[in-house]
Every structure is written in structure tokens, then in C-alpha cells.
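Enquirer: What follows is a single structure, and I will ask about it in a moment.
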Amino acid sequence: MDSSASENFYGYIVASYSLGQMIASPIVGYLSNRLKKIRHLLYIGIFLAFLGNALYLCVHLFPIEERKYALLIGRFVTGIGSSNISLLKAYASSASTQRDRSRAIALVTGGVALGMTMGPAFQLLFTPIGYPGPNILISGLMLSMYTAPALMACIMNAVNAFCIFAYFREVYAGVMSSRSQINRNEPALPKIDKRALFLCYFTRFTQMFINTNLETLGASLAMVLFAWTRTESVKYFSAAQAIMSLLAFLIYVGFIMFRFDRFLHERCNVIASLFALLLFHVLTYSYPFLPGHLTTYSSEDYPFNSTDIDDDGSNEEIQHVGCDTSKFSWCNSVRSINPFYFYICYILFIGLAFPSLNVSLNTLFSKIIGPRRQGFQQGLLQMAGGAARMVGPVVISVLYSAYGPQSAWLMEMGVISLNLALLFTCCGRMIPLTIPPIKRASTATLINSSNGTTIIKENGGEENFKNGKTNGGIILNLKSDEEIKNKIINERTRLMENNNGENVGKEKIKSTEKSKRNENKNIEENKSEENNTINRMASLDLE
Numbered sequence: 021m022d023s024s025a026s027e028n029f030y031g032y033i034v035a036s037y038s039l040g041q042m043i044a045s046p047i048v049g050y051l052s053n054r055l056k057k058i059r060h061l062l063y064i065g066i067f068l069a070f071l072g073n074a075l076y077l078c079v080h081l082f083p084i085e086e087r088k089y090a091l092l093i094g095r096f097v098t099g100i101g102s103s104n105i106s107l108l109k110a111y112a113s114s115a116s117t118q119r120d121r122s123r124a125i126a127l128v129t130g131g132v133a134l135g136m137t138m139g140p141a142f143q144l145l146f147t148p149i150g151y152p153g154p155n156i157l158i159s160g161l162m163l164s165m166y167t168a169p170a171l172m173a174c175i176m177n178a179v180n181a182f183c184i185f186a187y188f189r190e191v192y193a194g195v196m197s198s199r200s201q202i203n204r205n206e207p208a209l210p211k212i213d214k215r216a217l218f219l220c221y222f223t224r225f226t227q228m229f230i231n232t233n234l235e236t237l238g239a240s241l242a243m244v245l246f247a248w249t250r251t252e253s254v255k256y257f258s259a260a261q262a263i264m265s266l267l268a269f270l271i272y273v274g275f276i277m278f279r280f281d282r283f284l285h286e287r288c289n290v291i292a293s294l295f296a297l298l299l300f301h302v303l304t305y306s307y308p309f310l311p312g313h314l315t316t317y318s319s320e321d322y323p324f325n326s327t328d329i330d331d332d333g334s335n336e337e338i339q340h341v342g343c344d345t346s347k348f349s350w351c352n353s354v355r356s357i358n359p360f361y362f363y364i365c366y367i368l369f370i371g372l373a374f375p376s377l378n379v380s381l382n383t384l385f386s387k388i389i390g391p392r393r394q395g396f397q398q399g400l401l402q403m404a405g406g407a408a409r410m411v412g413p414v415v416i417s418v419l420y421s422a423y424g425p426q427s428a429w430l431m432e433m434g435v436i437s438l439n440l441a442l443l444f445t446c447c448g449r450m451i452p453l454t455i456p457p458i459k460r461a462s463t464a465t466l467i468n469s470s471n472g473t474t475i476i477k478e479n480g481g482e483e484n485f486k487n488g489k490t491n492g493g494i495i496l497n498l499k500s501d502e503e504i505k506n507k508i509i510n511e512r513t514r515l516m517e518n519n520n521g522e523n524v525g526k527e528k529i530k531s532t533e534k535s536k537r538n539e540n541k542n543i544e545e546n547k548s549e550e551n552n553t554i555n556r557m558a559s560l561d562l563e
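Quick look at the structure:
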């Protein structure tokens with residue numbers, strides 16, 4: 021589209037997406053906390069994503085010298101629209117209970133991962149259309165292998181907006197509001213542990229730093245280390261990515277359907293996933309004692325490329341493989357690695373670590389924040405990932421070009437090791453937010469009911485305690501939890517001290533009533549005898 025566009029400008033275009041995501045994610049998260057809703061913000065994000073993809077679809081309509089800038093703006097706007105991901109994570113955390121948090125997070129992250137996996141698949145489906153493609157769209161728009169994915173993305177954006185309008189019901193279950201705290205006389209939520217939050221941000225940075233760098237170096241590294249052609253490297257790397265995507269999908273299904281979180285503690289899972297990433301780099305490092313050398317060639321010896329040789333299409337395409345000594349000075353010092361061994365490690369360690377780290381880190385992050393709105397914090401977490409996607413390719417490309425893959429591996433191992441060291445140092449802080457028990461300051465009512473249960477009523481709430489059977493009610497004004505507890509213990513002791521917890525009160529009342537009846541009977545008999553005696557004495561006097 022524009023032959024004057026350099027590789028550096030292409031890097032700017034790629035980075036503009038992450039820049040837009042970095043800027044928008046915390047802002048959108050803050051607005052969601054203030055508005056206490058995400059529906060309208062989701063519509064805005066979807067519209068911006070639609071606008072960015074539409075601009076990409078129409079980029080060939082711009083003048084040639086302006087096309088690269090239109091593409092840059094389109095990617096930037098699409099990145100702003102992608103800030104919806106942080107809103108969805110925040111909603112999944114706030115709309116789920118702590119028990120179901122892992123399943124909710126797995127649904128969101130799994131959906132994002134599935135979309136990222138299906139994207140390249142759609143690209144392959146549109147490849148047969150070719151370029152420039154048929155002119156079947158209105159206003160001179162061309163449907164080609166490059167514009168068809170953008171058109172598909174616009175259609176998906178429209179479907180997404182309709183689904184939110186028709187099916188999305190915004191309900192929160194994991195948020196403790198200030199009004200409920202006042203009504204229930206509950207204390208304010210504790211402050212968030214900022215050090216734990218920083219570790220989550222840094223872990224997210226590490227995760228995306230490794231992921232982006234491996235994607236950046238993937239095909240190029242395979243061409244250098246394994247002496248593969250460009251076609252072979254793309255084919256085998258894509259196959260490895262497909263297997264990893266399937267493995268990630270199975271892990272997400274495990275968290276959603278089989279509740280892996282019951283067996284895997286989030287903090288331990290985060291550490292284990294980072295250790296797996298470190299182990300991959302240790303096992304695939306090009307050590308100097310390894311046998312074999314890289315296949316090398318010099319592009320200076322071949323001034324003509326394969327296109328120049330095969331202009332008429334009759335000659336076989338020639339592509340030199342290996343490490344270009346005229347471009348890289350480290351070709352003779354790097355040792356080769358078995359490709360099967362490399363990709364087995366890649367699939368096992370990276371394929372297992374990334375999806376597991378996704379679910380565990382996001383779940384732990386939401387639990388550290390606690391039952392409060394998380395839009396702004398989730399936006400910062402998304403911003404940390406965007407920063408890694410911006411910085412990573414630049415740093416790793418410079419190191420790779422100047423010093424070889426060994427320096428890139430050492431850089432990544434250093435970042436992972438630092439992250440693990442910080443996690444081990446602050447391991448005790450990487451825990452869910454601890455909410456203190458409720459302190460009752462108002463009066464409580466203790467009622468001994470006849471159904472065998474002692475009921476404490478305070479501010480409309482009830483707590484039931486099993487007890488022996490009692491008669492009638494006892495109402496007490498108690499000022500604290502300790503007084504309530506002591507009174508319950510005393511009542512239980514009094515009621516359970518005889519006959520193994522039988523109804524002692526009733527037995528005592530029955531015996532008391534019986535003795536009273538006997539006394540009354542004796543009194544009546546005595547009165548009757550006295551009356552008889554008086555009558556007899558009166559009759560004698562009359563005689």
C-alpha cells in the first residue's frame with residue numbers, strides 16, 4: 021500500500037494498539053467505578069473497535085502517502101476499544117462469589133484466548149480470496165485477503181453489541197456497598213494491600229513480556245536455529261501454536277466445568293506457572309558446551325534474491341537458510357538445538373503455564389481487592405500487560421540483533437527470576453482480603469424457645485444455637501459478643517445439668533405443682549376436721 025513505509029514505522033503501528041489499550045484501560049475502569057455500571061462503557065468500547073476495524077477496511081481509499089497514518093490511527097482506536105477486556109474481568113470478579121470466582125474468570129479469559137486463537141484461523145480462511153480481490157463492496161471498497169478479516173471483525177462487533185443489548189443483565193453479587201455496611205452496622209472494608217497489588221501488576225507484565233517476545237522471535241528464531249525456510253518456520257510454529265491453543269482450551273474447560281481451583285491454590289499456581297516459564301528458558305538455552313553449530317551463509321555472497329532469479333516463473337525458488345553472518349556477528353558462537361526437543365518443551369511448559377497463570381493471577385488479584393468495585397484496578401492490570409507488549413518487542417529485538425538469542429533468553433530469565441524472588445519475599449501478603457469479624461455494639465435479645473433452639477436477635481439478624489428444651493422465654497439485654505456467649509453457656513449448663521439434657525425445667529415445675537396440690541389438699545382436710553370438731557363442741561354445749 022505504501023512502499024515508503026519502513027520496518028520501524030511498522031513497529032509503531034503494532035505498538036499503537038498496546039498504547040491505546042494502556043491509555044484507555046485505567047480511564048475506563050475509573051469511570052466504571054464512578055458510574056457503578058459497565059453497560060454504556062461496553063457500547064463505547066465496541067463502537068471504537070468497530071470504528072478502528074472500519075478504518076482498516078477503508079485504508080486503501082486514502083491517498084498513498086496517508087495510508088500508513090490511517091492504519092496507525094485505526095490500530096490505536098482499536099486498542100482503545102480493547103479496554104473492554106478490563107471491564108469484563110472486573111464484572112466477572114464483582115458478579116461472582118469468592119467460591120465461584122475462578123470459574124467466572126476462566127470464562128472471561130478463556131473467551132479472550134479463544135478469540136485470539138480463532139483470529140489467525142479466520143485469516144487462513146480468507147487467504148484464497150487473494151489480493152486485490154473482487155470489487156463487490158460499495159463505494160469502491162475491495163474485498164481482499166487483507167480487508168476480509170476487518171469486515172469480519174466489524175460484523176462481530178455488531179453482533180456483540182446486540183448480544184449485550186438483548187441478553188446482558190448487570191447484576192453484582194460480590195460487592196459490599198457502603199449503604200449495606202451502615203444498615204448492618206458493619207465495619208468499613210480494610211485497605212487494599214498495595215504491595216500485593218504491585219506484585220500482581222509485575223506478574224502480569226512478566227507474563228505478557230514473555231508471551232510477546234516468544235511471538236516476536238518465534239519464526240525468525242526457528243529459521244536461524246534450525247535452518248528452516250520461511251515457509252517451514254511459519255508452518256511448524258503455527259502447528260505448535262495450534263496445539264498450545266487446544267491445551268489452553270482444555271485447561272479453561274477444566275477450571276469452568278471440573279473446578280480445578282478446588283485442588284490448585286491460586287498463589288501456589290502462580291508461582292508454579294512462573295517456575296515453568298523459567299524452566300523452559302533454562303532447558304532451551306543455547307549452552308556453549310552443546311554439540312553442533314548453526315548453519316550459516318552470507319547475504320553479501322548472494323546479491324540477488326529469489327524474486328530476481330525467478331521473474332518468469334520457470335526457475336525454482338532459491339532461499340538461503342541458517343544464520344546470515346553478514347547481518348549477525350554471533351552466528352559462529354551460538355550452538356544449535358534439536359527442533360523436536362525445543363517444541364516439545366515449548367508446548368508443555370509454555371502451553372501449560374500461560375492459561376493456568378491467566379486464571380490464577382486474575383482470580384488472586386480479584387480476591388486481594390476484596391468485595392469492592394474493581395474497574396480501576398483491573399484497568400491498571402491491563403495497562404501493565406499493554407506496557408509489556410510495547411516494551412518487550414523493542415528491547416528483545418535490539419538484544420537479539422546485537423548479541424543473539426542467548427542474550428534474549430538471559431533477559432527473560434532475569435525478569436522471571438526477579439518476579440519469583442519478589443513473590444517468595446512477599447508470599448504471606450499474596451492472600452485474599454481478610455475482613456474482620458463484625459463487632460456488635462447494640463443490644464441483643466436472647467430468647468429460649470420451646471423448639472430446642474436458642475435464638476439471638478440483633479438488628480434484624482438471627483443466629484441459632486442448639487440447646488436443651490426449655491419453657492417460656494428469657495429476654496436479656498447484652499452489650500457484647502462475650503456477654504452473649506457467656507449467657508448461652510450458662511443457660512446450656514443450667515438446662516443440661518440433670519437427666520442428660522432432658523426437660524429439667526418441666527420436671528421441676530411438675531414436682532412443684534404436685535407438692536402444692538398435696539399441701540392444698542392437706543390444708544383442706546385440716547380445715548374440714550377443725551370444722552367438724554367445732555360443730556361437735558357446739559352440739560355438746562347445746563345439750
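Under my numbering, read the sequence shown as residues 21 to 563, first letter to last.
Built from N, CA and C at the ideal position, the CB exists for glycine as well.
All values reported here derive from a predicted model rather than from experimental measurement.
Provide the residue(s) that pair with C343 in DSSP beta bridges, ordered along the chain.
Expert: In the sequence shown, counting from the first residue as 1, residue 343 sits at position 323. T316, per the DSSP bridge assignment.
Enquirer: So what does DSSP say about A35, is it helix, strand or coil?
Expert: Counting from 1 along the sequence shown, the entry for residue 35 is found at position 15. Three-state DSSP puts A35 in a helix.
Enquirer: From which residue to which residue does the alpha helix (DSSP H) around N352 run?
Expert: Residue numbering aside, residue 352 sits at position 332 when the sequence shown is read from its first letter. Run containing N352: none; DSSP gives neither H nor E here.
Enquirer: Between the region 266-276 and the region 118-132, can you find at least three pairs of beta-carbon atoms closer than 8 Å?
Expert: The region 118-132 vs the region 266-276: in contact.
Enquirer: On the three-pair Cβ rule with 8 Å, is the region 63-73 touching the region 81-92?
Expert: Cβ pair count under 8 Å is below three, so no.
Enquirer: Is it true that the CB of F246 sits closer than 8 Å to the CB of F300?
Expert: Taking the sequence shown and counting its residues from 1, the one referred to as residue 300 is at position 280. Taking the sequence shown and counting its residues from 1, the one referred to as residue 246 is at position 226. The answer is no: Cβ separation not under 8 Å.
Enquirer: Can you give me the C-alpha to C-alpha distance between P46 and A110, rounded to a whole angstrom?
Expert: Here residue 46 corresponds to residue number 26 of the sequence shown, with the count starting at 1. Here residue 110 corresponds to residue number 90 of the sequence shown, with the count starting at 1. Cα to Cα, P46 sits roughly 12 Å from A110.
Enquirer: For my contact list, L372 and R224 are in at a C-beta cut-off of 8 Å; report their separation, rounded to the angstrom.
Expert: Residue numbering aside, residue 372 sits at position 352 when the sequence shown is read from its first letter. Residue numbering aside, residue 224 sits at position 204 when the sequence shown is read from its first letter. About 18 Å; that fails the 8 Å criterion.
Enquirer: Touch check for the region 216-234 and the region 248-255: three-plus C-beta pairs under 8 Å?
Expert: The region 216-234 is not in contact with the region 248-255.
Enquirer: Is it buried or exposed, D321, if we count other Cβ atoms within 10 angstroms and call 16 or more buried?
Expert: Within the sequence shown, residue 321 is the residue found at index 301, counting from 1. Per the 10 Å Cβ criterion, exposed.
Enquirer: Could you name the residues of the same chain whose beta carbon sits closer than 8 Å to that of Y32, not counting the 5 residues immediately before and after it, in chain order?
Expert: One-based indexing of the sequence shown puts residue 32 at position 12. Only L92 meet the Cβ criterion.
Enquirer: Tell me the rounded alpha-carbon separation between F572 and F182.
Expert: No statement about residue 572 is possible, as the shown extent of the chain runs from 21 to 563 and does not include it.
Enquirer: What are the boundary residues of the alpha helix (DSSP H) that R392 is part of?
Expert: On the sequence shown, residue 392 is found 372 positions in, with the first residue counted as 1. That residue, R392, is in no alpha helix (DSSP H); it is neither H nor E in DSSP.
Enquirer: For E252, which of helix, strand or coil comes out of DSSP?
Expert: As a first step, residue 252 must be located in the sequence shown, where it is residue number 232. Looking at E252 - three-state DSSP - the assignment turns out to be helix.
Enquirer: Just how far apart, CA to CA, sit Y63 and L51?
Expert: Counting from 1 along the sequence shown, the entry for residue 63 is found at position 43. Counting from 1 along the sequence shown, the entry for residue 51 is found at position 31. Their backbone Cα atoms lie some 14 Å apart in a straight line.
Enquirer: Take S36 and list the residues in its own chain whose beta-carbon comes closer than 6 Å to its own, dropping the five residues that flank it on each side.
Expert: Locating residue 36 in the sequence shown gives position 16, counting from the first residue. Closer than 6 Å at Cβ, skipping near neighbours: L92, R95, F96.
Enquirer: Residue range of the alpha helix (DSSP H) that G99 falls in?
Expert: To locate residue 99, count along the sequence shown from 1; it is residue 79. Where G99 is concerned, the enclosing alpha helix (DSSP H) stretches over 87-101.
Enquirer: My assumption, with CB atoms under 8 Å, is that L107 sits in contact with G395. Please give the rounded CB distance.
Expert: Position 87 of the sequence shown, counted from the start, is the residue given in the question as residue 107. Position 375 of the sequence shown, counted from the start, is the residue given in the question as residue 395. Right, the Cβ-Cβ distance comes to about 6 Å (below 8 Å), so this counts as a contact.
Enquirer: Inspect the CB distances between the region 343-360 and the region 420-428 and report whether three or more fall short of 8 Å.
Expert: Touching, yes.
Enquirer: A216 and M433: beta carbons closer than 8 Å?
Expert: Sequence index remark: in the sequence shown, residue 216 carries index 196 (1-based). Sequence index remark: in the sequence shown, residue 433 carries index 413 (1-based). Against a cut-off of 8 Å, the Cβ pair of M433 and A216 comes out as no contact.
Enquirer: Note down, in chain order, each residue of its chain lying with its Cβ closer than 8 Å to the Cβ of C446, except the 5 sequence neighbours on either side.
Expert: Numbered from its first residue, the sequence shown carries residue 446 at position 426. Closer than 8 Å at the Cβ level, and outside the excluded window around C446, lie R215, A216, L219.
Enquirer: Roughly how many angstroms lie between the CA atoms of T383 and L55, to the nearest whole one?
Expert: The sequence position of residue 383 within the sequence shown is 363, counting from 1. The sequence position of residue 55 within the sequence shown is 35, counting from 1. One C-alpha to the other measures close to 24 Å.
Enquirer: What is the C-beta distance between G342 and M228, in whole angstroms, given that I count them as a contact (C-beta under 8 Å)?
Expert: On the sequence shown, position 322 is the one that residue 342 refers to. On the sequence shown, position 208 is the one that residue 228 refers to. With 8 Å as the limit, G342 and M228 do not qualify as a contact, their Cβ atoms being about 31 Å apart.
Enquirer: Give me, in chain order, the residues of the same chain whose beta-carbon lies closer than 7 Å to that of A242; leave out the 5 immediate sequence neighbours on both sides.
Expert: In the sequence shown, counting from the first residue as 1, residue 242 sits at position 222. The residues are W248, S253, Y256, F257.
Enquirer: Taking the C-alpha atoms as reference points, what is the distance between I43 and F29?
Expert: Indexing the sequence shown from 1 puts residue 43 at position 23. Indexing the sequence shown from 1 puts residue 29 at position 9. Roughly 20 Å between the two C-alpha positions.
Enquirer: Excluding sequence positions up to five away, which residues of its chain have a Cβ less than 8 Å from the Cβ of I66?
Expert: On the sequence shown, position 46 is the one that residue 66 refers to. Only G101, N104, N177, N180, A181, I184 meet the Cβ criterion.
Enquirer: Note down the Cα distance separating H285 from L401, rounded to an integer number of angstroms.
Expert: Your numbering for residue 285 matches position 265 in the sequence shown. Your numbering for residue 401 matches position 381 in the sequence shown. H285 and L401: Cα-Cα distance of roughly 21 Å.
Enquirer: Classify A262 as buried or exposed, calling it buried when 16 or more other Cβ atoms lie within 10 Å of its own Cβ.
Expert: Along the sequence shown, read from residue 1 onward, the residue named residue 262 stands at position 242. A262 should be labelled exposed.
Enquirer: Can you find a heavy atom of the ligand ADP that lies under 7 Å from the Cβ of H301?
Expert: For the structure depicted, the ligand ADP is absent and the ligand set is empty, with no information on it obtainable.
Enquirer: Could you tell me the distance, in whole angstroms, from the CA atom of S376 to the CA atom of V79?
Expert: Residue numbering aside, residue 376 sits at position 356 when the sequence shown is read from its first letter. Residue numbering aside, residue 79 sits at position 59 when the sequence shown is read from its first letter. Distance between the alpha carbons of S376 and V79: 39 Å.
Enquirer: Please say whether K387 and R59 have beta carbons closer to each other than 8 Å?
Expert: Within the sequence shown, the letter at position 39 stands for residue 59. Within the sequence shown, the letter at position 367 stands for residue 387. It is not a contact, given that the beta carbons lie outside the stated cut-off.
Enquirer: Locate the alpha helix (DSSP H) running through C288, then write down its first and last residues.
Expert: Walking along the sequence shown from the start, residue 288 turns up at place 268. Here the alpha helix (DSSP H) through C288 covers 286-303.
Enquirer: Between Y192 and S114, how many whole angstroms is the CB-CB distance? I'm expecting something under 8 Å.
Expert: In the sequence shown, the residue the question calls residue 192 occupies position 172. In the sequence shown, the residue the question calls residue 114 occupies position 94. With a Cβ gap of about 5 Å, Y192 and S114 count as contacting.
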